[in-house]
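Chains as they are written, first to last, in our numbering: chain S, 86 to 306; chain E, 20 to 425. The beta-carbon is built from N, C-alpha and C at its ideal position, and this holds for glycine as well.
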């Protein structure tokens, strides 16, 4: 198993009332698996993804990645895990406007001391997502679909074992959704596991396993 | 050879500063103003302190006696080198030396050269008696092996001329026998000659049609050293009572009065500089804190993206510190540079405007002042970003992302 979550619970206080965003969720993802979670807004999908990405600490339960529990890791270790083994595509157009497309893709490489030059790999990833000619462009000149593809290329730069994508097809037309899902299928075929949250049932149909989330509870479909 | 990556951590810092050029420019300018005032103010204050110390050392007398009504003029000569011509009878040398408690007396004769073809420069010529002098002679011994000849002069540090060359005063040439080090006092722009040469110069002045004719055997001032156990104030009172206060035609000036007036001005100026610097420093830290805090809120989305990509909390804080540090360092360097650009070339103008003894400190001391100004100004940036970075450092990565609206 690349990722294993056991009895995850996340509770918040909202107006002095205890609110469970994620309730007893257990989930295992194997290498090269494509797992999809669907559910309505506010059902706890994004909270769950943030917990699985190590960005949010659960109230109870445990998450382990490649056998290492998040609870035993400090911020540096968790950050390195996110940087190298866990590609995370957040909701929305999460690219930095003051960097070119290529620089955005190169970003994960600069956070830890490394001797290799990732430029060729970044250009190759841009080629794969069809953005090689736009490498020197700034995000302001890109469409929504193109921005999503920049995020995908960036998440893949460090060759992660798992790609977590939060609504990667939101606000996109059918053709672009199909292009992006084709990209994900290609990533999975190369051995990278994908965990995707989406509203789009067409997109969900690409997954090996599908879950639905309702009021913080996860159930397999 | 390894190809340079298209992106480095410092590129992120620079790029963020370039993204808001006007904001960055304003913040840099603010720190630059602080560094400008800090370096310029400190350097000027230090130069004034140096000048005052120099004045105290160079005066070397406890009391000055000048003709009544010329006490302010003698201050002008000593502090600023303003040329003046005034005379009193040489009898005063003997009269003063008779008073109990007086250790040494020596006369000075002042002749102001003219701004005309006859004279190389309009300047204060000071004649001194080499036998009795205790002010110029000890100072001269370091640079002049023998006695000064009647056709020779010693020039102050600010007077143009090389040793061995000549300067003209009232159509007569004088060989420069020595040049003094700068002292920060009016002596820097004065020319020293023997008493005989000064009398001759005064005669030359009259023979050239000068309107002010000095009486025979006249002098301009008497400098007095007093015995131990006597005070300058007590001796002033004694001289005044001996010769009749206000009736004698002389005025007794304790040198401490001159130094005291300079020190008083200096104290006020130092206090003003310190207050200005403190206000500017606090203001800079405050403005930068507010701006960085506002900017932090604007940049939560960016920080959220960086956290999701694996930047550590420490590195994110380092990013904020580097950005603020880059702003404050650029401002500090620019401010010190601009200040140096103004203070060094215009030091004569500054000296004249302030009207106090002024002597720039040694190169090492100036370097130390520049370094201290740089450090203090630079510190404003990282200090101002402490609040925002600690706020960010204490936040869960998810909170940063959620607040960033992702």
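- Counting of Cβ neighbours within 10 angstroms places residue 152 of chain E among the buried residues, the total reaching 16 or more.
- If you draw a 10 Å sphere on the C-beta of residue 305 of chain S, you find fewer than 16 other C-beta atoms in it, and that means exposed.
- The beta carbon of residue 367 of chain E sits closer than 8 Å to the beta carbons of 177 from its chain, once the five residues preceding and following it are set aside; these are given in chain order.
- Just measuring C-alpha positions, the residue of E:33, E:50, E:67 and E:32 sitting nearest residue 371 of chain E is E:67.
- Between the C-alpha atoms of residue 142 of chain S and residue 327 of chain E there is a straight-line separation of about 14 Å.
- When Cβ-Cβ separations below 8 Å define contact, residue 64 of chain E makes no contact with chain S.
- Annotation for residue 55 of chain E: 354, 357 and 358 place their beta carbon closer than 7 Å to its own, counting only its chain and skipping 5 residues before and after.
- Interface with chain S (8 Å Cβ-Cβ cutoff): residue 42 of chain E is excluded.
- Under the criterion of beta carbons closer than 8 Å, residue 331 of chain E and residue 161 of chain S qualify as touching, at roughly 5 Å.
- CA-CA distance, residue 117 of chain E to residue 258 of chain E, rounds to 10 Å.
- Relative to residue 243 of chain S, the option among S:223, S:261, S:277 and S:267 whose CA is nearest is S:277.
- Between residue 247 of chain S and residue 171 of chain S, the C-beta gap is smaller than 8 Å, which places the two residues in contact.
- With its beta carbon at least 8 Å from every one in chain S, residue 316 of chain E lies outside the interface.
- Per the coordinates, the alpha-carbon of residue 167 of chain E lies some 7 Å from the alpha-carbon of residue 213 of chain E.
- Contacts between residue 28 of chain E and chain S, judged by CB atoms closer than 9 Å, involve 195 and 196 in chain order.
- Shown here, residue 40 of chain E sits in a helix according to DSSP, grouped into three states.
- If you check the CB distance, residue 167 of chain S and residue 329 of chain E come in under 8 Å.
- Between residue 308 of chain E and chain S, the shortest Cβ-Cβ separation is not below 8 Å.
- Per DSSP, the beta-bridge partners of residue 296 of chain S are S:122 and S:305.
- One alpha carbon belongs to residue 211 of chain S, the other to residue 229 of chain S, and they sit about 16 Å apart.
- If you draw a straight line from the Cα of residue 250 of chain S to the Cα of residue 282 of chain S, it comes to about 6 Å.
- Across the structure, residue 260 of chain E and residue 155 of chain E are spaced so that their CA atoms are roughly 30 Å apart.
- Interface flag for residue 328 of chain E against chain S is set, since a Cβ pair is found closer than 8 Å.
- Taking residue 303 of chain E as the centre and dropping the five residues before and after it, the same chain places the C-beta of 49, 50, 53 and 399 closer than 7 Å to its C-beta, in chain order.
- With fewer than three CB-CB distances shorter than 8 Å, the stretch 294-308 of chain E does not count as touching the stretch 105-115 of chain E.
- Ranked by Cα distance from residue 275 of chain S, the first of S:241, S:264, S:303 and S:232 is S:241.
- Around the C-beta of residue 319 of chain E, 16 or more other C-beta atoms lie within 10 Å, and the residue is accordingly described as buried.
- At a cut-off of 8 Å between beta carbons, residue 266 of chain S makes no contact with chain E.
- By the Cβ-count criterion, residue 103 of chain S is exposed, with fewer than 16 other Cβ atoms from all chains shown falling within 10 Å of its own Cβ.
- Listed in chain order, the alpha helix (DSSP H) runs fully inside the stretch 125-165 of chain S are 130-137, counting runs of at least 4 residues.
- Neighbourhood of residue 334 of chain E in chain S, by CB distance below 7 Å: 196, in chain order.
- Judged by pairs of C-beta atoms under 8 Å, the stretch 171-187 of chain E does not touch the stretch 218-225 of chain E, as fewer than three such pairs exist.
- By the CB criterion at 8 Å, residue 210 of chain E and residue 269 of chain E fall outside the cutoff.
- Within the same chain, and ignoring the five residues on either side of residue 197 of chain E in sequence, the residues whose Cβ sits closer than 7 Å to its Cβ are 159, 162, 163, 173 and 182.
- Across the set E:44, E:57, E:215 and E:37, the C-alpha of E:57 shows the shortest separation from the C-alpha of residue 385 of chain E.
- Within chain S, the C-beta atoms nearer than 7 Å to that of residue 38 of chain E come from 183, in chain order.
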